[in-house]
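As given, the protein sequences belong to chains A and B, one line each in that order.
In my numbering, each residue's number is its place in the first sequence (first place is 1) plus 2.
In my numbering, each residue's number is its place in the second sequence (first place is 1) plus 3.
Even glycine gets a Cβ: it sits at the ideal position worked out from N, Cα and C.
First comes the structure, then the notes that go with it.
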Amino acid sequence: MLYRTSGQFKTTYKADQALFPVRQDAILLGFILILAWAVFPLMASEFTFQALLIPVLVYALAAMGLNILTGYAGQLSLGTAAFMGVGAYACYKLITIFPGMNIVVAILLSGVFSAGVGVLFGLPSLRIKGFYLAIATLAAQFFLVWTFEEWAWLYNYNASGAIQVPNVEMFGTMVAGPLATSTTQYYLVLAIVTVMTIVCINLTRGTQGRTWKATRDMDIAAELIGINLLKSKLTAFAVSSYIVGVAGALFVFMWRGAAEPNLFSISLSFRILFIAIIGGLGSILGNYLGAILIVALPVVLNTLPHTLGIEISSATVEHLNIMIVGALIVFFLIIEPHGLARLWALIREKLIIWPFPH
Amino acid sequence: MTTTAPETTTTADGRTIGPVVMEMKNITLRFGGVAAITDISFDIREGEIRAIIGPNGAGKSSMLNVISGFYTPQEGEVWYKGAPRPPMKPYEVARQGIARTFQNIALFEGMTVLDNVMTGRLTHMHTPIWRQAIWKGRAEQEEIANREVCEKVIDFLEIQHIRKTPVARLPYGLKKRVELARALAAEPSLLLLDEPMAGMNVEEKEDMSRFILDVNDEFGTTIALIEHDMGVVMDLSDRVVVMDYGKKIGDGTPDEVRNNQDVIDAYLGVEH
Numbered sequence: 003m004l005y006r007t008s009g010q011f012k013t014t015y016k017a018d019q020a021l022f023p024v025r026q027d028a029i030l031l032g033f034i035l036i037l038a039w040a041v042f043p044l045m046a047s048e049f050t051f052q053a054l055l056i057p058v059l060v061y062a063l064a065a066m067g068l069n070i071l072t073g074y075a076g077q078l079s080l081g082t083a084a085f086m087g088v089g090a091y092a093c094y095k096l097i098t099i100f101p102g103m104n105i106v107v108a109i110l111l112s113g114v115f116s117a118g119v120g121v122l123f124g125l126p127s128l129r130i131k132g133f134y135l136a137i138a139t140l141a142a143q144f145f146l147v148w149t150f151e152e153w154a155w156l157y158n159y160n161a162s163g164a165i166q167v168p169n170v171e172m173f174g175t176m177v178a179g180p181l182a183t184s185t186t187q188y189y190l191v192l193a194i195v196t197v198m199t200i201v202c203i204n205l206t207r208g209t210q211g212r213t214w215k216a217t218r219d220m221d222i223a224a225e226l227i228g229i230n231l232l233k234s235k236l237t238a239f240a241v242s243s244y245i246v247g248v249a250g251a252l253f254v255f256m257w258r259g260a261a262e263p264n265l266f267s268i269s270l271s272f273r274i275l276f277i278a279i280i281g282g283l284g285s286i287l288g289n290y291l292g293a294i295l296i297v298a299l300p301v302v303l304n305t306l307p308h309t310l311g312i313e314i315s316s317a318t319v320e321h322l323n324i325m326i327v328g329a330l331i332v333f334f335l336i337i338e339p340h341g342l343a344r345l346w347a348l349i350r351e352k353l354i355i356w357p358f359p360h
Numbered sequence: 004m005t006t007t008a009p010e011t012t013t014t015a016d017g018r019t020i021g022p023v024v025m026e027m028k029n030i031t032l033r034f035g036g037v038a039a040i041t042d043i044s045f046d047i048r049e050g051e052i053r054a055i056i057g058p059n060g061a062g063k064s065s066m067l068n069v070i071s072g073f074y075t076p077q078e079g080e081v082w083y084k085g086a087p088r089p090p091m092k093p094y095e096v097a098r099q100g101i102a103r104t105f106q107n108i109a110l111f112e113g114m115t116v117l118d119n120v121m122t123g124r125l126t127h128m129h130t131p132i133w134r135q136a137i138w139k140g141r142a143e144q145e146e147i148a149n150r151e152v153c154e155k156v157i158d159f160l161e162i163q164h165i166r167k168t169p170v171a172r173l174p175y176g177l178k179k180r181v182e183l184a185r186a187l188a189a190e191p192s193l194l195l196l197d198e199p200m201a202g203m204n205v206e207e208k209e210d211m212s213r214f215i216l217d218v219n220d221e222f223g224t225t226i227a228l229i230e231h232d233m234g235v236v237m238d239l240s241d242r243v244v245v246m247d248y249g250k251k252i253g254d255g256t257p258d259e260v261r262n263n264q265d266v267i268d269a270y271l272g273v274e275h
């Protein structure tokens, strides 16, 4: 009933190509935006910011970057965490070399470094595909983490070998470092993630998106239709690594506050990949759904039994979390390879024609 | 068969056949020791429907792949629009205005019909990536302008009702039509069709034949096609090249080819 689309006629191609041709979708999105920009920050506690809101946004952004590469352009990558690391270390170096630099500028610039490294490690994709490419990106993963460990200049020769986010001020407010408040950091992350999401939507719905999808679906036909595969794949690596790099900078500067090389290990890569798979490859919305699930699941498992009066040790909770996530991945790979986003699309389709079956 | 000089003729049904668009000069293509094509020359003139026929393994598809730049011949030259074409990548050939369909459907299965057809127009869309990221302005205008062209093609091929359907859900016959739509959306100066009617029933073949004739008639598109169904080929095409074992054994109007002894031998077999 709520999702009735009758009476919404499109008379121009512009209206038909609008982001939300169905009015109810626009209303729903507006509602979510109000929640994110006004309601959550007013109600959220320090714990909610640190354990739910900021991680969801950062992980969703990283997964979005990976999704551009894997979901849209069809190039499997296992090096996401390493590219996040490049973004984080680049941001750290920028902030420490130019202390007066605006943090937003530094974060957006650090993505450029990540994009460069991404293109470099994307070069093998011109020759190899699928799992073989995944192995090549795996090389990036290990090589880059090793670089973070061995190249002392990257962490300013700290004795600990880790990077520590300094206090950074922007327009008289502390935005990064130990003195920054969670609310400020949340707004900054939210703003950057919102802009990045709009960019991703625009890129994937137009010419570039079709170029990537054509490369993914059938590369030979794509080439014979006039697509330069080299350009298409390297653009995907560049855009993807840029977004992942920005996510990495946010990850350390707006959330963790400090990072050692091991933070960017393969397990983080897999975490991002799982978010993208569970959320839905080839979808923007899916990254958010996947991130919410992966981030919220351990929190729910930790607090729910407690409030119900059931005592579960934290080790059991940890194991439960791994088991459930694992089962979900198997479930989605077999039953619904397009993830939560496709489930939502199916529900929506049914709602539009409800109560009729078709 | 020496029509290098530009000339214009009019066919019986009133279509204009213009000068030579593409000329294959002594093409030889080998895979290792196997010669797929041996010393073949023929031309394609503007506005005509040119068929390449021959038994299985005659080298027809290889010929089409040479034209679309997928294979580079060891010997011979491909002349396009009056100049020899240097060896180039398939995507560069496509950007010169040569579009094609495939023997085994090669649609982008993860996209809708409309997106597939729009992909055919990629060679006409040049908005830089940063303007696409902003969307408003040039990217949006370009999208709408090209959407209009695509909608004309969709209208023409009568696939409006499946516009927003994912290609993977379509039956075989419709997929073939969508593939034709994708190639047409590029507004090609030469359209290559690799067995457009393979695996179709009689009714679907009739539909497809009508579309091919209409495309040629309405847009004046030059078409080169490979087909097995002799009846269809003889009805559709203005001129026919016959290949057998990688060699050209006949070239001319359908009537000339039909009465060519070599062609009859190749198709019916001959006592050795």
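Between the CA atoms of residue j and residue i - distance to the nearest angstrom
i	j	result
methionine 4(B)	aspartate 254(B)	With a pLDDT of 46 at methionine 4(B), under the threshold of 50, the modelled position of this residue cannot be trusted; read the value that follows with caution. Computed Cα separation, rounded: 8 Å.
threonine 309(A)	leucine 303(A)	11 Å
alanine 64(A)	valine 241(A)	12 Å
glycine 81(A)	leucine 181(A)	32 Å
threonine 199(A)	threonine 50(A)	22 Å
leucine 125(A)	valine 218(B)	41 Å
phenylalanine 214(B)	proline 257(B)	20 Å
glutamate 80(B)	threonine 130(B)	34 Å
aspartate 158(B)	aspartate 241(B)	26 Å
phenylalanine 1(A)	valine 191(A)	The structure shown has nothing for residue 1(A), since chain A only spans 3 to 360.
glycine 163(A)	glutamine 77(A)	33 Å
glutamate 48(B)	alanine 171(B)	This sequence places arginine at residue 48(B); glutamate is not what is there. For arginine 48(B) and alanine 171(B), the distance between alpha carbons rounds to 36 Å.
alanine 343(A)	phenylalanine 333(A)	14 Å
threonine 6(B)	tryptophan 138(B)	For threonine 6(B), the pLDDT reaches just 47, beneath the cut-off of 50, and the residue's location in the model is therefore unreliable, leaving the point undetermined.
glutamate 10(B)	glutamate 161(B)	35 Å
threonine 17(A)	lysine 167(B)	Position check: residue 17(A) holds alanine in this sequence, whereas threonine was assumed. The alpha-carbon atoms of alanine 17(A) and lysine 167(B) are separated by roughly 15 Å.
methionine 233(B)	asparagine 263(B)	14 Å
glutamate 190(B)	valine 197(A)	36 Å
glycine 87(A)	alanine 298(A)	24 Å
proline 209(B)	glycine 176(B)	Position check: residue 209(B) holds glutamate in this sequence, whereas proline was assumed. One C-alpha to the other measures close to 11 Å.
Local conformation of residue i per DSSP, three classes
i	result
asparagine 74(B)	Note that residue 74(B) is tyrosine in the sequence shown here, rather than asparagine. Note: tyrosine 74(B) maps to coil in three-state DSSP.
glutamate 259(B)	helix
tyrosine 248(B)	coil
glycine 36(B)	coil
valine 11(A)	It is worth fixing the name first, because residue 11(A) is phenylalanine in this sequence and not valine. Note: phenylalanine 11(A) maps to coil in three-state DSSP.
glutamate 143(B)	helix
asparagine 158(A)	coil
lysine 84(B)	coil
threonine 224(B)	coil
isoleucine 349(A)	helix
phenylalanine 377(A)	Residue 377(A) is absent from the structure shown; chain A starts at 3 and stops at 360.
arginine 242(B)	strand
aspartate 254(B)	strand
Counted within 10 angstroms of its Cβ, other Cβ atoms place residue i as buried (16 or more) or exposed
i	result
valine 246(A)	buried
tyrosine 159(A)	exposed
leucine 31(A)	exposed
histidine 321(A)	exposed
threonine 104(B)	buried
histidine 164(B)	exposed
methionine 121(B)	buried
phenylalanine 255(A)	buried
glycine 223(B)	exposed
threonine 237(A)	buried
isoleucine 336(A)	exposed
Cross-chain neighbours of residue i in chain B, by beta carbon under 7 Å
i	result
glutamine 2(A)	In the structure as shown, chain A begins at 3 and stops at 360. Residue 2(A) is therefore absent and cannot be evaluated.
leucine 226(A)	Ser71, Phe73, Pro93, Ala97, Arg103
Listed by chain order, chain B residues near residue i by CB distance under 8 Å
i	result
lysine 16(A)	Glu143, Ile147
leucine 205(A)	Ile132, Gln135, Ala136
Proximal chain A residues relative to residue i, where beta-carbon distance stays under 8 Å
i	result
methionine 203(B)	Within chain A, no residue comes near methionine 203(B); the closest Cβ sits about 20 Å away, beyond 8 Å.
glutamate 1(B)	Outside the displayed range of chain B (4 to 275) lies residue 1(B), so it cannot be described from this structure.
glutamate 221(B)	In chain order: nothing, as chain A lies at least about 22 Å away.
Neighbouring residues, chain B, relative to residue i (Cβ below 9 Å)
i	result
leucine 58(A)	What sits at residue 58(A) in the sequence shown is valine, not leucine. By Cβ distance, chain B contributes nothing, its closest Cβ being about 24 Å from valine 58(A), past 9 Å.
glutamine 19(A)	Glu143, Glu146, Ile147, Arg150
Chain A contacts from the stretch 116 to 129 of chain B (Cβ-Cβ distance under 8 Å): Asp118, Met121, Thr122, Gly123, Leu125, Thr126, Met128
Contacting positions in the stretch 164 to 179 of chain B - beta carbon closer than 7 Å to chain A: none
The stretch 208 to 233 of chain A: positions lying closer than 8 Å to chain B by Cβ: Gly208, Thr209, Gln210, Arg212, Thr213, Lys215, Ala216, Arg218, Asp219, Met220, Ile222, Ala223, Ala224, Glu225, Leu226, Ile227, Gly228, Ile229, Asn230, Leu231
Against chain B: residues of the stretch 242 to 254 of chain A by CB proximity under 7 Å: none
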